[in-house]
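Anchor point for the sequence shown: position 199 equals 198 in numbering that gives the first Met the number 0, and the numbering is continuous, going up by one each time. All C-beta atoms in this analysis are idealised placements derived from N, C-alpha and C, irrespective of residue type, glycine included.
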Amino acid sequence: MFRLLVFFGMLGLNACDESDPRSSKRPAHPVPSPPAKVSNLQFHQLTPDIFVGPRPSQEHIGELKALGIKKVISVDALPPKSSLWAEAIQIRHLPAGYQALPKTLQLRLARELSMDPVKTYIHCHHGKHRAPAAALAALRTLGQLDQAEARAWLDRCGVGYQSLRKSVQDAQPESTQNIQSAMPLEEVAATRSLSRLMAEIDQVWDRLKKVPSPDDPKLSTQTEDAAHLLDLFRLSSETAGPVDPVYPKQMQEAIRLATALESELQNGEDAAKLRADLRTSCRTCHRAFRN
0 MFRLLVFFGM LGLNACDESD PRSSKRPAHP VPSPPAKVSN LQFHQLTPDI
50 FVGPRPSQEH IGELKALGIK KVISVDALPP KSSLWAEAIQ IRHLPAGYQA
100 LPKTLQLRLA RELSMDPVKT YIHCHHGKHR APAAALAALR TLGQLDQAEA
150 RAWLDRCGVG YQSLRKSVQD AQPESTQNIQ SAMPLEEVAA TRSLSRLMAE
200 IDQVWDRLKK VPSPDDPKLS TQTEDAAHLL DLFRLSSETA GPVDPVYPKQ
250 MQEAIRLATA LESELQNGED AAKLRADLRT SCRTCHRAFR N
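In structure tokens form, the structure reads like this:
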């Protein structure tokens with residue numbers, strides 16, 4: 000078992016520990032005057048070749064290239080933006096949810112990491128839960144992490160969803176044959192139709208629309224459901240919908256409210272007002288656009 004590097008980086012900034020040789024200044028990315036805005040995108044380096052963090056934007060691309068990243072894998076609902084990356088950067092898409100990570104997902108990611116071992120940046124939306132959990136589960140599948148090491152990384156990365164943590168802890172080393180026989184990753188995973196996404200939104204919203212009582216089984220999955228709802232709204236906003244210019248504005252308002260709902264539920268609040276506001280937003284959109 001190789002020794003994992005304990006590393007926490009901030010793009011655009013030097014590492015905090017100046018005694019670490021990795022804390023030396025990275026090559027500057029040439030930018031025109033005035034100086035580029037300092038990046039605040041944070042990532043973790045799990046191994047010499049595996050980095051995990053949030054979805055990068057245009058301003059972060061030069062920094063990631065300077066780190067030697069050759070492949071970007073999105074475990075977010077949305078695929079990597081191919082327009083951001085040069086031809087030298089490969090992109091892959093393996094959407095993950097906030098519930099348990101399926102064994103097939105763990106095997107597919109393990110296959111990708113083992114059969115093409117290049118410097119890889121794995122991202123989700125916030126970079127805090129799904130990306131670290133998926134990467135750690137894959138490393139466990141490859142036999143490169145024990146439970147204690149995995150638990151330490153889960154804590155260090157801040158993975159808060161218990162289903163994701165359990166998936167990592169329960170992951171077991173798999174045979175080379177099982178890993179290599181897994182389905183290769185695609186550049187962009189197949190997307191669902193807008194009608195299918197809206198049907199899923201209805202199902203998830205049914206568990207969120209009211210504040211659950213203390214003995215309601217829905218209480219235990221509120222944060223996961225809120226995160227899933229946000230993903231579904233984000234996917235729906237990227238999927239072809241009504242041509243009316245009001246529709247994108249309605250979707251952006253739904254995303255704003257769902258983001259706030261996720262945050263309040265993570266903080267232990269009941270989010271009663273936000274639930275009511277989101278219900279009103281959905282009804283307004285339905286009256287205008289649902290056939």
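| message | I need the straight-line Cα distance from I68 to E263, nearest angstrom please. | response | Sequence index remark: in the sequence shown, residue 68 carries index 69 (1-based). Sequence index remark: in the sequence shown, residue 263 carries index 264 (1-based). Spanning the two alpha carbons is a distance of roughly 35 Å.
| task | Report the three-state DSSP secondary structure of Y246 (helix, strand or coil). | result | Locating residue 246 in the sequence shown gives position 247, where the first residue counts as 1. Reduced to three states, the DSSP call for Y246 is helix.
| query | What three-state label does DSSP hand R91 in the structure shown? | reply | Here residue 91 is taken as the residue at index 92 of the sequence shown, counted from 1. It is a strand residue.
| request: State buried or exposed for D224, treating a residue as buried only when at least 16 other CB atoms are found within 10 Å of its CB. | output: Here residue 224 is taken as the residue at index 225 of the sequence shown, counted from 1. That one is buried.
| field | For A136, the nearest candidate out of V74, S280, S194 and H125 (CA to CA) | value | Indexing the sequence shown from 1 puts residue 136 at position 137. Out of V74, S280, S194 and H125, the CA that lies nearest to the CA of A136 is found in V74.
| task | With distances taken Cα to Cα, identify the nearest neighbour of V245 among P183, A189 and C284. | result | The residue you call residue 245 lines up with position 246 of the sequence shown. Nearest option by C-alpha distance: C284.
| Is T140 closer than 8 Å to A95 when the C-beta atoms are compared? | The sequence position of residue 95 within the sequence shown is 96, counting from 1. The sequence position of residue 140 within the sequence shown is 141, counting from 1. Contact flag unset, no.
| Cβ pair L229, I200 closer than 8 Å | Position 230 of the sequence shown holds residue 229. Position 201 of the sequence shown holds residue 200. Contact check for L229 against I200 fails: the beta carbons are separated by 8 Å or more.
| message | At the level of alpha carbons, what is the spacing between Y160 and G126? | response | Residue mapping note: residue 160 aligns to position 161 of the sequence shown, counting from 1. Residue mapping note: residue 126 aligns to position 127 of the sequence shown, counting from 1. Using only the alpha carbons, I get a separation of about 13 Å.
| said: To the nearest angstrom, how far is the alpha carbon of C281 from that of A275? | reply: In the sequence shown, residue 281 corresponds to position 282, counting from 1. In the sequence shown, residue 275 corresponds to position 276, counting from 1. So the alpha carbons of these two residues sit roughly 10 Å apart.
| said: So, with DSSP's three-state summary, where would you put R46? | reply: Position 47 of the sequence shown, counted from the first residue, corresponds to residue 46. This sequence places Thr at residue 46; Arg is not what is there. Note: T46 maps to coil in three-state DSSP.
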